Each structure stands twice: as structure tokens, then as C-alpha cells.
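**Student:** One structure coming up, written as C-alpha cells, with questions to follow.
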Amino acid sequence: MLAPTPLLDVAGLTRRFGGLVALNRVDFDVGTGEVVGLIGPNGSGKTTFFNVVTGIYAADEGRVVFDGRDITSWTPQAVYEAGIVRTFQRSRLCLPLSIFDNVMIGNHKRLNRGLWFNLMRRKAFCDAYEAAREEARVILGTFHPDLARRMDEAVAAFPMIQRRRIEICRALIAHPKLLLLDEPSAGMTHEETRQLMDDILEVRDRVDPSLAIVIIEHEMGVIERITDRCVVLNFGQKIAEGVYREVAGDRQVQEAYLGVE
Amino acid sequence: MDIGLFGQYVVNGVMLGMMYALVAVGFTLFFGVLDVIKFSHGDVLMVGTFAGLATYLGLQAAGVASPLVQVIGVTAMAVGSMALLGALIARYLVMPLRSAPPLNTLLITLMLGTVLREGVRLFYPEGANPKPFPRLLPADSIAFGSFTVRADSAILLLAGLAVIVALNLVINRTKLGLAIRAVAQDEETARCMGINFTLIVLVTFAIGSGVAAFAGVMNGLYYNEINFGMGLLLGVAGFSAAIIGGLGNIYGAILGGFLFAALQTIGAVALPFASAYKDVFAYAVVIAIMAWRPSGLIAEKTSERV
Amino acid sequence: MEKTRPSLLPGLAAVGAGAVFAVALLTAEQQWAVGALIAGAALASLAAWRFGLARAIGASVDAHEGVLNAAVIAAVLAVTAWFYEDHFPLLMMATVLLSATTCIGLTVQFGYAGMVNFAGASFYGVGAYTAAVVVKYTAVPHLLAIPLGGLAAAALGSLLILPMLRTKGHYTAVVTIAFAILMKTFLEVNDTLGGPQGMKIRNVTVFGWKPNTALEFGGVELSHYVVYVVAALALLVLAFGLTRRMERSWVGLALDTVRIDETAAACFGHDIARWKIVAFTWGNALAGMAGALYALMVGFIAPNNFTFGDSLILVSIILLGGIGNLWGAMLAAALVVILPEKFQIIQEYRFLLYAGLVMLILLFRPQGLLPRTLRAYVPGRA
Numbered sequence: 061m062l063a064p065t066p067l068l069d070v071a072g073l074t075r076r077f078g079g080l081v082a083l084n085r086v087d088f089d090v091g092t093g094e095v096v097g098l099i100g101p102n103g104s105g106k107t108t109f110f111n112v113v114t115g116i117y118a119a120d121e122g123r124v125v126f127d128g129r130d131i132t133s134w135t136p137q138a139v140y141e142a143g144i145v146r147t148f149q150r151s152r153l154c155l156p157l158s159i160f161d162n163v164m165i166g167n168h169k170r171l172n173r174g175l176w177f178n179l180m181r182r183k184a185f186c187d188a189y190e191a192a193r194e195e196a197r198v199i200l201g202t203f204h205p206d207l208a209r210r211m212d213e214a215v216a217a218f219p220m221i222q223r224r225r226i227e228i229c230r231a232l233i234a235h236p237k238l239l240l241l242d243e244p245s246a247g248m249t250h251e252e253t254r255q256l257m258d259d260i261l262e263v264r265d266r267v268d269p270s271l272a273i274v275i276i277e278h279e280m281g282v283i284e285r286i287t288d289r290c291v292v293l294n295f296g297q298k299i300a301e302g303v304y305r306e307v308a309g310d311r312q313v314q315e316a317y318l319g320v321e
Numbered sequence: 064m065d066i067g068l069f070g071q072y073v074v075n076g077v078m079l080g081m082m083y084a085l086v087a088v089g090f091t092l093f094f095g096v097l098d099v100i101k102f103s104h105g106d107v108l109m110v111g112t113f114a115g116l117a118t119y120l121g122l123q124a125a126g127v128a129s130p131l132v133q134v135i136g137v138t139a140m141a142v143g144s145m146a147l148l149g150a151l152i153a154r155y156l157v158m159p160l161r162s163a164p165p166l167n168t169l170l171i172t173l174m175l176g177t178v179l180r181e182g183v184r185l186f187y188p189e190g191a192n193p194k195p196f197p198r199l200l201p202a203d204s205i206a207f208g209s210f211t212v213r214a215d216s217a218i219l220l221l222a223g224l225a226v227i228v229a230l231n232l233v234i235n236r237t238k239l240g241l242a243i244r245a246v247a248q249d250e251e252t253a254r255c256m257g258i259n260f261t262l263i264v265l266v267t268f269a270i271g272s273g274v275a276a277f278a279g280v281m282n283g284l285y286y287n288e289i290n291f292g293m294g295l296l297l298g299v300a301g302f303s304a305a306i307i308g309g310l311g312n313i314y315g316a317i318l319g320g321f322l323f324a325a326l327q328t329i330g331a332v333a334l335p336f337a338s339a340y341k342d343v344f345a346y347a348v349v350i351a352i353m354a355w356r357p358s359g360l361i362a363e364k365t366s367e368r369v
Numbered sequence: 016m017e018k019t020r021p022s023l024l025p026g027l028a029a030v031g032a033g034a035v036f037a038v039a040l041l042t043a044e045q046q047w048a049v050g051a052l053i054a055g056a057a058l059a060s061l062a063a064w065r066f067g068l069a070r071a072i073g074a075s076v077d078a079h080e081g082v083l084n085a086a087v088i089a090a091v092l093a094v095t096a097w098f099y100e101d102h103f104p105l106l107m108m109a110t111v112l113l114s115a116t117t118c119i120g121l122t123v124q125f126g127y128a129g130m131v132n133f134a135g136a137s138f139y140g141v142g143a144y145t146a147a148v149v150v151k152y153t154a155v156p157h158l159l160a161i162p163l164g165g166l167a168a169a170a171l172g173s174l175l176i177l178p179m180l181r182t183k184g185h186y187t188a189v190v191t192i193a194f195a196i197l198m199k200t201f202l203e204v205n206d207t208l209g210g211p212q213g214m215k216i217r218n219v220t221v222f223g224w225k226p227n228t229a230l231e232f233g234g235v236e237l238s239h240y241v242v243y244v245v246a247a248l249a250l251l252v253l254a255f256g257l258t259r260r261m262e263r264s265w266v267g268l269a270l271d272t273v274r275i276d277e278t279a280a281a282c283f284g285h286d287i288a289r290w291k292i293v294a295f296t297w298g299n300a301l302a303g304m305a306g307a308l309y310a311l312m313v314g315f316i317a318p319n320n321f322t323f324g325d326s327l328i329l330v331s332i333i334l335l336g337g338i339g340n341l342w343g344a345m346l347a348a349a350l351v352v353i354l355p356e357k358f359q360i361i362q363e364y365r366f367l368l369y370a371g372l373v374m375l376i377l378l379f380r381p382q383g384l385l386p387r388t389l390r391a392y393v394p395g396r397a
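Chains as they are written, first to last, in my numbering: chain Z, 61 to 321; chain U, 64 to 369; chain P, 16 to 397.
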């Protein structure tokens, strides 16, 4: 089968921090609707990869093409507008704000941010607000009815698994084309992780089956179950790529994880 | 401009720079170990200077007339009491706020500065008025060709230089300095290596505050007049100096101190507009430097984990 | 789930009690009477808290916001009418209203966008000096001095925008501190602006009428400060109304996001520079307008009215009231302005007392007197 142009096409991506080469000529692509696992030992450059793709760090070399546009070293804002959203390894929700507020943060590009609109056209604002609430209620409800019901409460009052769900709702509400999940299972039990993954896939199938996902994860069970394909990084370099079974059997990968004998 | 007057400006600028550097070093030390700004620093300096003045008056009353003994007593009292005060501030105001937003520490010490300042103004006898500070150093002139330096200026400059060198040796050559640097670099690891974190923090605050008190005494001996507001001005100047140098870096603080004094001196001497605008000029340049180098001239290395 | 709507009564009662207390406090002359009033008010608040009355008032305020806002305006006007010929209480009321306006501006900067401004009094002073210059040196209609004061403060503030955007944390703080010292020194040495002696503002004229002269109204002579209380109230209502709308909109959400987590904000498309510029400019404009009105009212300004210490007091008001809570800021402004004026014993010690008080608040109740609550975009339609 001839692969169509990939949604995300990364070629030769390099990022250095001083003398450390955090990413070394990494090639990486994701097709529409694909779920790709990004794995590797700690410090192998996985999160750096996300940070460079989303524009938090500039790339030193290489290019990132997304949806036919070269987005290399765009600002995080522009990358978001282009249709890539992410979650963070250390959940970065705004804890003092309500669930609804947090979800709306993700919806920023579809909200009218004009000062005149927000301050002077209150009637129109109220209509926009009601519509946004309904949308937030629906997406939160698909993850957990409790979240939809209690969306005016502060996020700080909720346990980790609910926070992860809220974070994913915040990422999904703007209808992205590509979702980057940075270790969504951190801080949760096996069972909670399994549940969360099921929710994500279910929501995706229902809302937008063409959504592509890249997931960084240490739980190999999760990777095996949900990914179509895996990419393995070690010391900033891609050392293997393929379906999980193949990759897991790869000698280099085993050495990377277990150390060379 | 004749060379004598020019020399006078240079000596004055270098003296100011020395004081600013001594104050800035404190800001930088505190920021190094705790990542906080202790804004009461300038007012601690002021309180130290007043403590020195009180010591002088006490010695006079006790009949000790030797200027040498007096100057040693005044300095020792100012430095010692402020070292203690600095450690107390660290223990009871700064450390309890470690888990709060860093701004809260800045605010609480700003407010403490106000308390110290107002405390001296209201409760020191006639504290609201400027006080004469005794002239305890010999004032003979030493001539170098056509320009002359007064002996007290020379002694003060040498003493300031000695403090900076000594501080540098302590930080870079002693076990204590090693511990301070370790804590500044990585608190957790330092703890793991058996360093008594709290103790090191308190000692650092004591050193920084003592050095500031020394600068305060220098200020008093040089200008022969002190007032309750002197700390705020020296503190803001020292803070600006530490910031333009780059927080957390002793050489940056020293550089910043002399640079700030140079700006004021240039503002007073070399610019076409009235010399009254020297502070306006100096602070405008500080703001401009912040726009140009947002984390100081010698930037600290930071990285945020995302 | 239909909840019964909380009664309007507790809210109205609280506003009424506040008005009566204000009249009593502003009237009281004897130090023991002032002391007793303050102690009584403190006890009453504590009791209200303890016995759940505070919660009833809170619920009532949430449910009937429009009516109660109108009631507060009416109460201020009623107190103004009560003191119609007494200069001093009216002057104090106007000062409170103007400080409250400034603190609303600082709340937008500090409470919403997270930009602490240690030069609040400087921007207030920029507005005041602008008004003085307009009246003394130009033919511009004097009423325009107020918007021009706001404009001047906002414009001068925009000079700080670049360093403020580029710096973080403590480095940002030094920018405003340096500006505060710079402004004060500048005012002291500039001869056109009167140097340390300051400027007098004489013969203010609005449409041929001189608001600084006593006026007659149906045969009754009113203090000229009545005009200024009403004008300051109008300015405060405008500031409060617009700021409230800002908070309860996507703008308020964006500002909060930028304050809490810049990285996350950037990853979700927030233009951080834009939001900081909006908040900083809005705050400075409010301070400038309030300062301009203050200058027109008192007719005499000097650099010593706008020191770094005064800026610290403004920051203390924000902390005392509860960071980000507009009502908290207004309440704290009233306390901080009125108490030392009425309670002469503490007048001399006010900087000391406030500084000590703020230290205690930071140590033991960092959320302030009235902690900020969650955003209600459209009150009553949760």
C-alpha cells in the first residue's frame, strides 16, 4: 500500500543544549488517524521532541512539516493554531480555576478575544458563553459524568485521574488534527491508566476518527494495546521503528532499556 | 575640567561603586541559596549603621576616646548585630515562606524594610532627622601629582576591597564556601551530601547582612551623615546593581555595583543636562539594560522543565 | 435541580449597615469613639463570620448582584448627602473612591495578569501632574484633564512594556521599582513641574463653571467636594463595571491563564505579550485618571504625594483585600485611607502598622480578607 502524504513529517530534527545533543537527526512521521508510540529510556529526548515540535524550543537543524506546511520553529501559539495540541508530563492545569475555565483555555482559538466584543457586547458574549458551556459539557461528559456536572468547581479539588481527563478535554475541545500525549499515565494506577486510554480512543472514534495521536509512555502494556506503530529513541537518536511486537523484540531496543551486557 | 576635580569624581564614584557592590553581593548570595529577594537588605544596612552610631556614642560616654578602638568597636557592633538580624530574618520570615510564591518573600521583606525604616524614624531619638556620623579616620591628604586623595577615602576603599577579596576567598576557597555553593546549585543534592541546609542558609544571610552593615559604616564614615532613608536608596541601588549584573553571580554583583555608580557619576558629570538628573539617568539606563539583557549582564543559567 | 433563590435582605442589610457605619466613623471626633467604632465593626464582622451571617450575605450578593450594586451606589450618594456641607468627610470619601479606582487598576495588573506594579503611586502621580500641566500651561478644556491623565499614564507605562515583557519574576519587579524612584527624582528636580514644592492648580473651569467654589442648590449651600465625590464615584463605577466585564469574559480567562502558567498559555495560543499589554495599560490608565481627578480636587500636588512608600501602600491594599478580588480591594482601600485619618494616634505610625499588618497577612492569611472566588461569567446563570 502506498502511504499518502503524512500529517506530520519530521526530518533530520536536531536540538542541542550546550554540548548535549538532545535530539540527533530524528526522522518521524504520523499519518492521519494514526496512533504512534514514542518510547525510550529516561532522558532519551522524548519530551524534547514534543517541545521542539510544539515550538517551545527552536530546532537547531531539520524541519517539521505539518499538514503540508513547514512549521519548523514556529511559535507555540502558531503551532496550536495550525492544529497540534499537547498534554504535559507534569499536568499543567490551572489549579485555582474551574474545570470549565480550564477546558476553555484549550478552546482559545475559537473564542472571540476582541476587547470590544468581550466588554461591550455582553448579549452576544452570553450567547457564545452558553454555546461554549454546552460544548464543554458534552466533551467532559464523554469522559466522566461527574466532570460535566461539577464543571464550575476548582480543578484543585479533583484527584489525578480526573485532572488527566480534564487536561485531555482541554486538548481536544479545539478539534486538533494531532494530539501529543506526554506520559498520561504518570501518577496513576494501572487500572486508571487503562480506563483513561479506553476513554481517549472511544472519544476519538466518536468525535473525529481522523485525529492522529503521538503518545509518550513507559507502560509497555498501554503502548502494545493502543499504538499502530512505535518509534524508539535513545540518547536523542531514533534506534527502531515499527509495530510494538517487532520493536520490543529488537536487540538494540532491549540493550537501550536493559543496558549492554 | 581640571584634573583635581576629575579625580574627586573618580574617587567618589569608586567609593559609591564599592558600597553598591557590597550591598549587591548580599542580594546575590541570598538569591543563590534560596532563590529569593530579601528586599529589607538596604534597611538592615541602615539599622546597622545606626547601631554603629549608638556604639560610638556609648563608647564616648564610657570614656573610650581612641579613634582606632572606636572605629573597630563601631564596625564590629554594626556587622555583628546585623549578621544576627539577617539570620533571624532568614529563619522567621524568609524560610517559612519557602513554599509560597517567590513574590511573597519579596513583599514580606519589602514590608519588613518599611518596619525597620519607620521603626528607626519613630523610635530612635530624633530618628526623623539626619544624624552626624563621627569622623574616625585620619583626614590628611595624600597628593599624587596634581590630584589628592584624603587618607580616610583611601582607607575606606582599601577596606572595602579587602572585604570583597575576603568574601571571594570564603566563597571559593573554604569548606563553608563550598557548602554555600553546593546549596546554591542544588538544595536536594547538598542535603543528601550531609550539608545542614538550614544552617548554611542562616550563615549565608548572616554574612550578606554583615557585609551590608559594613557598607553602611563605610557610608557613614565617608559622608559623615546618616539618615533613616539611606537604606532604601542604597538598597534599591544595590538591588539594581545585582540585577544588572545578573542575580546569583558574585562577579556580576560587583560589576553591577561599579557600573551603577559609574552611571550616576557620568550622569552627574559628563551629560549635557543638569547634574540633578543623575539618578533619573541611572535608573533609566537600568530599565534599558533590563530590556536589552532581561536576565542581567552575566546571566544565570536557568532551564524550566516542561 | 431547582434551588430557592437566596433572599435579597441580608445583602441590603449589609449595605445599609455599611452606610451607617461610614457615617458614624466619619462623624466621630473623639479618639475613644473612633476606637470603639472600629473595635465594634471588627467584632461584628467576626460574629457575622462565626454565625454564618457572612455566608448568607455572600449568597444574597451572588444572587442579586445588580440590585445590590445599585444599592451600594445609592448608599454612597446618601452618605454624601448626609455630609453635604462638611469638607473633611467628603474629601476623605473622594480620596477613598479614587484610591479604590487605582487599586482596581492594580488588581487587573497584579491579580489577573500577575504583573506586580511597584510604581502604582507613580502612575497616579503622572495623571495628577498631567492635570496640573493641562490647567496651568494649556488652553485644553479642564474636564479633558482626566482622560488625558489616564492617557499620559498609559503612554508612559508603555515605555516599561518592553522590559516588563522580556523579564521574569524579580527582574520584572526591579523595572517598576526603578521607575518609581526615577519618577520621584524626576519630579523633584524638574523646574517646570515645580520641583520639590510641587504645583498649584488654580481656577479649574468646566463649561464656564468653577467646581472648586461652594455651590448652591435650591437655597442650600453645598461643599464643593460634593461634586468631586460624585465625579470620583462615577469614575469608580466606570472602572469597576468595565473591569468586572473584563474578568467575566474570555479576556479575564486569558489573563488568569497567562498569570498561572505562561508555558501552557503559549501552547494554547495565548498571545502573552498582548494580554500583558492590555492589563498593564488598563491598570495604568485607571491610576492616571484617578490621579488627575485627585489633582483637580485638592488643587496642590508635590512629589512627596507619590513616593515609593505610597506605591507599597497600594500593593498592601491589594494583598489585604485579597489578590484579584475587586470588592476586597475597594474595602481595603477604604480601611487603609480612612483609619489613619480618623484615628490620629496611628497617623504617625501608619506606614509601620500597614507594613506589619501585611507581613502578618503574608505569613498567616496569604489569601487576604476577602479571597477571590471562582469566575461567574454570567451571574445568576451558572
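C-beta atoms are modelled at their ideal positions from N, C-alpha and C, and glycine is treated no differently.
Just so we're clear, the structure is a prediction, and the values are computed from it rather than from any experiment.
Could you have a look at I289/U and say whether DSSP puts it in helix, strand or coil?
**Tutor:** Reduced to three states, the DSSP call for I289/U is strand.
**Student:** Give me, in chain order, the residues of the same chain whose beta-carbon lies closer than 7 Å to that of G267/P; leave out the 5 immediate sequence neighbours on both sides.
**Tutor:** Closer than 7 Å at the Cβ level, and outside the excluded window around G267/P, lie Y127, M261, R390.
**Student:** Given that L257/P touches chain Z, what residues does it touch there, using C-beta distances under 7 Å?
**Tutor:** Result: L179.
**Student:** For Y392/P, which residues in chain Z fall below 7 Å Cβ to Cβ?
**Tutor:** Correct list: Y189.
**Student:** Go through the stretch 181-220 of chain P residue by residue and report every complete run of the alpha helix (DSSP H) that reaches 4 residues or more, in order.
**Tutor:** Runs of the alpha helix (DSSP H) inside the stretch 181-220 of chain P: 184-204.
**Student:** Could you please tell me which residues of the stretch 163-175 of chain Z, in chain order, have their CB closer than 8 Å to any CB of chain B?
**Tutor:** Any reference to chain B falls outside this structure, whose protein chains are Z, U and P.
**Student:** Who does G97/Z pair with in a DSSP beta bridge?
**Tutor:** Paired residue(s): I275/Z, C290/Z.
**Student:** Can you say whether L301/P is buried or exposed, counting buried as having 16 or more other CB atoms within 10 angstroms of its CB?
**Tutor:** Burial call: buried.
**Student:** Just to check my reading of the structure: I317/U and V142/U have Cβ atoms closer than 8 Å, yes? What is that Cβ distance to the nearest angstrom?
**Tutor:** I317/U to V142/U, Cβ: 19 Å. No contact.
**Student:** Looking at the strands, I want to know which residues DSSP matches up with Q297/Z.
**Tutor:** Its beta-bridge partners are N294/Z.
**Student:** Does the beta carbon of E17/P come closer than 9 Å to any beta carbon on chain Z?
**Tutor:** Low confidence applies here, because E17/P scores a pLDDT of 49, under 50, leaving its location unreliable and the question unanswered by this model.
**Student:** So, does the CB of R65/P fall closer than 9 Å to a CB anywhere in chain Z?
**Tutor:** No, R65/P lies away from the interface with chain Z (no Cβ there is under 9 Å from its Cβ).
**Student:** With contact counted as at least three CB pairs below 8 Å, one residue from each stretch, are the stretch 69-87 of chain U and the stretch 303-322 of chain U in contact?
**Tutor:** Output reads yes: the stretch 303-322 of chain U touches the stretch 69-87 of chain U.
**Student:** From D89/Z to V70/Z, what distance separates their C-alpha atoms?
**Tutor:** C-alpha separation (whole angstroms): 6 Å.
**Student:** Applying a beta-carbon distance threshold of less than 9 Å, which residues of chain Z neighbour M261/P?
**Tutor:** Chain Z residues near M261/P: L175, N178, L179.
**Student:** How many Å lie between M16/P and R209/Z at the Cα?
**Tutor:** For M16/P, the pLDDT reaches just 43, beneath the cut-off of 50, and the residue's location in the model is therefore unreliable, although a value from the coordinates is still provided. Approximately 11 Å, taken between the alpha carbons.
**Student:** How would you label L173/U, buried or exposed, when you count the other beta carbons within 10 angstroms and need 16 or more for buried?
**Tutor:** So L173/U counts as buried.
**Student:** Distance check for V139/Z and I131/Z, CA to CA, integer angstroms please.
**Tutor:** For I131/Z and V139/Z, the distance between alpha carbons rounds to 7 Å.
**Student:** Taking 9 Å as the threshold (C-beta atoms), are V215/Z and N167/Z in contact?
**Tutor:** Not a contact, by the Cβ cut-off of 9 Å.
**Student:** Rounded to whole angstroms, what is the Cα-Cα separation between R433/P and V293/P?
**Tutor:** A question about residue 433/P goes unanswered here, because the residues of chain P that appear run from 16 up to 397.
**Student:** Could you name the residues of chain P that F69/U contacts, counting a contact when the two beta carbons are closer than 8 Å?
**Tutor:** Residues of chain P passing the Cβ test: none, with the nearest at roughly 24 Å.
**Student:** Could you compute how far the alpha carbon of V274/U sits from the alpha carbon of L265/U?
**Tutor:** Spanning the two alpha carbons is a distance of roughly 14 Å.
**Student:** Rounding to the nearest angstrom, what Cα-Cα distance links D187/Z and A78/P in this structure?
**Tutor:** Approximately 20 Å between the Cα atoms of the pair.
**Student:** Could you give the residue range of the beta strand (DSSP E) that holds L239/Z?
**Tutor:** Residues 238-242.
**Student:** Of the choices M353/U, L175/U, G257/U, whose alpha-carbon is the least far from that of S331/P?
**Tutor:** Of the listed residues, the one whose Cα sits closest to S331/P is L175/U.
**Student:** May I ask which residues mark the beginning and end of the alpha helix (DSSP H) holding L268/P?
**Tutor:** Run containing L268/P: 265-275, per the alpha helix (DSSP H) assignment.
**Student:** Can you give me the C-alpha to C-alpha distance between L166/U and Q297/Z, rounded to a whole angstrom?
**Tutor:** So the alpha carbons of these two residues sit roughly 41 Å apart.
**Student:** Hey, could you find the ends of the beta strand (DSSP E) E121/Z is sitting in?
**Tutor:** Taken as a continuous stretch (DSSP letters only), the beta strand (DSSP E) holding E121/Z covers 121-126.
**Student:** Going by DSSP, name the residue or residues bridged to V235/P.
**Tutor:** Looking at the DSSP assignment, V235/P forms a beta bridge with F232/P.
**Student:** Does any CB atom of chain Z fall closer than 9 Å to the CB of A397/P?
**Tutor:** Caution applies to A397/P, whose pLDDT of 47 falls short of 50 and renders its modelled position unreliable; the value that the coordinates give is listed next. Yes, A397/P counts as interfacial toward chain Z.
**Student:** Under 9 Å between C-beta atoms, does V82/P make it to chain Z?
**Tutor:** Chain Z contact via Cβ: absent.
**Student:** Closer than 9 Å by beta-carbon distance: list the chain Z residues that pair up with I192/P, in chain order.
**Tutor:** The premise fails here: I192/P is roughly 27 Å from chain Z at the closest Cβ pair, so nothing lies under 9 Å.
**Student:** Please name the residues in the stretch 128-159 of chain U whose beta-carbon is closer than 8 Å to at least one beta-carbon of chain P, in chain order.
**Tutor:** So the list reads L156, P159, given in the order they occur along the chain.
**Student:** Can you give me, in chain order, the residues of the stretch 225-255 of chain U that have a beta carbon less than 9 Å from any beta carbon in chain P?
**Tutor:** Residues passing the 9 Å Cβ filter: none.
**Student:** Let me see if you follow: with CB-CB separation under 9 Å, is A169/P close to chain Z or not?
**Tutor:** Cβ-Cβ to chain Z under 9 Å: no for A169/P.
**Student:** Mind checking whether G298/U and D106/U have CB atoms under 9 Å apart?
**Tutor:** In contact: G298/U and D106/U (Cβ atoms closer than 9 Å).
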